[in-house]
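The opening residue of the sequence shown carries number 0 in my numbering; numbering runs sequentially from there. Note that the Cβ used here is the ideal one computed from N, Cα and C, for glycine as well. Note sheet for the following structure.
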Amino acid sequence: MYGAGDVRVENLPDPKLEQPTDALVRVVRACVCGSDLHPYHSMPAAEQGTQMGHEFIGVVEEVGSEVSLISRGDFVIAPFAYFDNTCEFCREGLTTSCEHGGFFSTAQSEAVRVPLADGTLVKAPVGDDSALLPSLLTLSDVLITGHHAAVMGQVGPGTSVTVIGDGAVGLLAVLAAKRLGAEQIVLMGRHQARTNLGREFGATDVVAERGEEGIAKVLELTGGKGTRAVLECVGYMNAYEMAIGTVRSGGIISRVGVPQYEEAPIGMGSLFGRNVRLAGGPGAQRSYIEELLPDVLEGRIEPGKVFDRTVALDATPEGYTAMDERTALKVLVRP
């Protein structure tokens with residue numbers, strides 16, 4: 000990406016092993032993320048381009064001398080962050096805060112160098128032509144992010160939930176909430192094809208209205224009280240304001256949309272006075288992949304349905320345009 004709206008496909012040198020804990024992964028599938036659209040809208044023009052992409056699955060081609068759990072030929076899922084899985088934070092399950100980790104940014108490509116391969120990569124017993132590839136790819140980001148939203152929102156059996164946003168993360172937050180036993184799931188979104196998929200994933204109600212009108216509709220659906228959890232999957236201030244308006248007193252707002260703001264209401268009239276808690280954050284926790292993988296492999300959930308367009312790597316810029324213009328929900332990239 001060279002600036003807002005300027006995405007190009009270029010040839011670069013192949014990645015190489017740099018540390019004995021590295022692995023090289025041939026990318027089988029990657030995709031464009033909704034968070035990639037933030038720089039697509041706002042990145043200043045630059046002479047030097049920035050490599051893009053943080054979601055990928057693939058086959059291990061080479062491993063460093065200190066890699067023992069991953070072998071050449073393994074099919075692997077890479078979360079959007081890398082981590083050693085041994086530091087203090089990793090042992091607590093917070094792998095996105097790994098003391099030696101970081102985030103991927105070169106996944107829309109033919110190959111990726113994976114640092115800390117043993118801690119990061121999760122093996123899956125499939126081939127590189129499996130029909131499950133789209134669903135497995137969601138374990139790299141959108142499904143584990145939607146699941147993180149639900150977990151941080153303490154969603155469980157009988158819970159009432161509002162999901163704000165009908166993008167891929169929002170739809171998979173619906174699926175995650177349903178999987179965890181939520182009883183009422185209100186999806187706030189206005190694109191019918193997407194909200195129809197949301198209903199398939201488990202939404203009990205759909206609210207197309209936004210702002211105060213949307214808040215009023217959710218309150219009407221919940222006896223005037225709001226829902227115990229609100230999963231904010233957009234990242235803009237108007238979504239946060241709708242979360243404040245739709246959360247029940249004593250409830251939780253769980254944010255996984257990358258916030259495009261630093262200041263937001265948290266005082267007496269918004270959160271504090273109603274004992275509302277604020278949670279969320281990056282969801283690339285390795286434990287989520289391990290928890291959700293059996294459900295994907297055994298067909299109990301089909302999160303790959305969020306991909307509604309596939310492009311070759313050379314056509315990745317078209318994928319950005321399609322998602323920006325909302326003619327595609329989520330674009331799968333096939334190197």
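Can you give the Cα-Cα distance for Lys329 and Val31, rounded to whole angstroms? Within the sequence shown, the letter at position 330 stands for residue 329. Within the sequence shown, the letter at position 32 stands for residue 31. Taking the straight line from one Cα to the other gives about 7 Å.
Would you call the CB atoms of His190 and Tyr287 closer than 8 Å? The sequence position of residue 190 within the sequence shown is 191, counting from 1. The sequence position of residue 287 within the sequence shown is 288, counting from 1. In this structure, Tyr287 does not lie closer than 8 Å to His190 by Cβ.
Starting from the C-beta of Ala202, find all residues in its chain whose C-beta is less than 6 Å away, skip the five residues before and the five after it, and write them out in chain order. The sequence position of residue 202 within the sequence shown is 203, counting from 1. Val173, Ile184, Leu186, listed in sequence order.
Roughly how many angstroms separate the alpha carbons of Leu196 and Leu170, rounded to a whole number? Residue numbering aside, residue 196 sits at position 197 when the sequence shown is read from its first letter. Residue numbering aside, residue 170 sits at position 171 when the sequence shown is read from its first letter. Their Cα atoms are separated by approximately 7 Å.
State yes or no: is the C-beta of Thr94 within less than 8 Å of the C-beta of Phe82? Mapped onto the sequence shown, residue 94 falls at position 95. Mapped onto the sequence shown, residue 82 falls at position 83. Yes, the Cβ-Cβ distance between Thr94 and Phe82 is below 8 Å.
Would you kindly check if the distance between the Cβ of Val229 and the Cβ of Ile358 is under 8 Å? Absent from the model: residue 358. The displayed extent of the chain is 0 to 334, so no value can be given.
Should Gln47 be labelled buried (16 or more other beta-carbon atoms within 10 Å of its own) or exposed? Numbered from its first residue, the sequence shown carries residue 47 at position 48. By the neighbour-count rule (16 or more Cβ atoms within 10 Å), Gln47 is not buried but exposed.
May I ask which residues mark the beginning and end of the beta strand (DSSP E) holding Met241? Position 242 of the sequence shown holds residue 241. Taken as a continuous stretch (DSSP letters only), Met241 belongs to no beta strand (DSSP E), being part of the alpha helix (DSSP H) at 236-245.
To the nearest angstrom, report how far apart Phe66 and Asp294 are at their CA atoms. Here the question's residue 66 lines up with position 67 in the sequence shown. Here the question's residue 294 lines up with position 295 in the sequence shown. It should be noted that the sequence gives Val, not Phe, for residue 66. One C-alpha to the other measures close to 28 Å.
Who does Glu231 pair with in a DSSP beta bridge? One-based indexing of the sequence shown puts residue 231 at position 232. DSSP, once it has assigned bridges, lists Ile163, Arg254 as partnering Glu231.
Presumed contact (8 Å Cβ cut-off) between Pro339 and Ala29, rounded CB distance: Outside the displayed span of the chain (0 to 334) sits residue 339, for which this structure offers no information.
Gly63 vs Val75 beta-carbon contact at 8 Å: Stepping through the sequence shown from its first residue, residue 63 is reached at position 64. Stepping through the sequence shown from its first residue, residue 75 is reached at position 76. No. Outside cutoff.
Could you give the residue range of the beta strand (DSSP E) that holds Met187? Working through the sequence shown from its first residue, we reach residue 187 at position 188. Looking at the DSSP string, the run of the beta strand (DSSP E) that includes Met187 is 183-187.
What three-state label does DSSP hand Ile300 in the structure shown? By one-based count along the sequence shown, residue 300 stands at place 301. Ile300 falls in the coil class under three-state DSSP.
Thr245 burial status per 10 Å Cβ neighbour count (16 or more: buried): The residue you call residue 245 lines up with position 246 of the sequence shown. Buried.
So what's Val168 in DSSP terms, helix, strand or just coil? As a first step, residue 168 must be located in the sequence shown, where it is residue number 169. In this structure, DSSP gives Val168 a helical state, which the three-state scheme calls helix.
Just the Cα atoms here: how many angstroms apart are Lys304 and Met42? Walking along the sequence shown from the start, residue 304 turns up at place 305. Walking along the sequence shown from the start, residue 42 turns up at place 43. Cα-Cα distance, rounded: 30 Å.
What do you reckon, are the CB atoms on Leu135 and Leu331 nearer than 8 Å? Here residue 135 is taken as the residue at index 136 of the sequence shown, counted from 1. Here residue 331 is taken as the residue at index 332 of the sequence shown, counted from 1. Between Leu135 and Leu331, the gap from beta carbon to beta carbon reaches 8 Å or more.
So Val168 packs on Val206, CB below 8 Å; how close in whole Å? Taking the first residue of the sequence shown as 1, we reach residue 168 at position 169. Taking the first residue of the sequence shown as 1, we reach residue 206 at position 207. Contact check for Val168 and Val206: beta-carbon distance about 18 Å, past the 8 Å limit, so the pair fails to qualify.
Span of the beta strand (DSSP E) holding Phe55? Residue mapping note: residue 55 aligns to position 56 of the sequence shown, counting from 1. For Phe55, the enclosing beta strand (DSSP E) stretches over residues 55-62.
Please name the residue in Met51, Thr226, Gly234, Asp21 whose C-alpha comes closest to that of Gly157. Taking the first residue of the sequence shown as position 1, residue 157 is located at position 158. Cα-wise, what sits closest to Gly157 is Thr226.
Would you decide whether Lys216 is buried or exposed? Buried here means 16 or more other CB atoms lie within 10 Å of its CB. Looking up residue 216 in the sequence shown gives position 217. By the neighbour-count rule (16 or more Cβ atoms within 10 Å), Lys216 is buried.
Residues sharing a beta bridge with Lys329, DSSP: Position 330 of the sequence shown, counted from the start, is the residue given in the question as residue 329. Residue pairing by DSSP places Lys329 in no beta bridge whatsoever.
Assuming contact is defined by CB atoms lying nearer than 8 Å, are Val8 and Thr315 in contact in what I supplied? The residue you call residue 8 lines up with position 9 of the sequence shown. The residue you call residue 315 lines up with position 316 of the sequence shown. Val8 places its beta carbon less than 8 Å from that of Thr315.
Would you check if the distance between the CB atom of Ser104 and the CB atom of Gln50 is smaller than 8 Å? Locating residue 104 in the sequence shown gives position 105, where the first residue counts as 1. Locating residue 50 in the sequence shown gives position 51, where the first residue counts as 1. Contact: yes.
Based on Cα-Cα distance, which residue from Ser96, Gly234, Thr119 lies nearest to Glu262? Locating residue 262 in the sequence shown gives position 263, counting from the first residue. For Glu262, the closest of Ser96, Gly234, Thr119 by C-alpha to C-alpha distance is Gly234.
Less than 8 Å between the beta carbons of Leu291 and Ile143, yes or no? Translated into the one-based positions of the sequence shown, residue 291 becomes position 292. Translated into the one-based positions of the sequence shown, residue 143 becomes position 144. Cβ atoms of Leu291 and Ile143: closer than 8 Å.
Kindly indicate which three-state DSSP category Leu142 falls into: helix, strand or coil? On the sequence shown, residue 142 is found 143 positions in, with the first residue counted as 1. Helix, per DSSP.
Tyr287, DSSP secondary structure in three states: Residue 287 sits at position 288 when you count from the first residue of the sequence shown. In the structure shown, Tyr287 sits in a helix (DSSP, three-state: H, G or I).
Since Gly210 and Ala238 should fall inside the 8 Å C-beta cutoff, what is the C-beta to C-beta distance between them, to a whole number of angstroms? Your numbering for residue 210 matches position 211 in the sequence shown. Your numbering for residue 238 matches position 239 in the sequence shown. The beta-carbon distance between Gly210 and Ala238, rounded to whole angstroms, is 10 Å. This is too long to meet the 8 Å contact definition.
Taking just the CA atoms, how far does Arg178 sit from Gly152? For this step, residue 152 is matched to residue 153 along the sequence shown. For this step, residue 178 is matched to residue 179 along the sequence shown. One alpha carbon belongs to Gly152, the other to Arg178, and they sit about 14 Å apart.
Apply the 10 Å Cβ neighbour rule to Asp13 and answer buried if 16 or more other Cβ atoms are within range, or exposed otherwise. Locating residue 13 in the sequence shown gives position 14, where the first residue counts as 1. Exposed.
Quick one: what's got a C-beta closer than 7 Å to Cys97's C-beta in the same chain, skipping five residues either side? The sequence position of residue 97 within the sequence shown is 98, counting from 1. Here Cys97 has Phe82, Asp83, Cys86, Phe88, Cys89 as same chain residues with Cβ atoms under 7 Å from its own Cβ, once five neighbours each way along the sequence are excluded.
Less than 8 Å between the C-beta atoms of Gly188 and Asp204, yes or no? By one-based count along the sequence shown, residue 188 stands at place 189. By one-based count along the sequence shown, residue 204 stands at place 205. Cβ atoms of Gly188 and Asp204: not closer than 8 Å.
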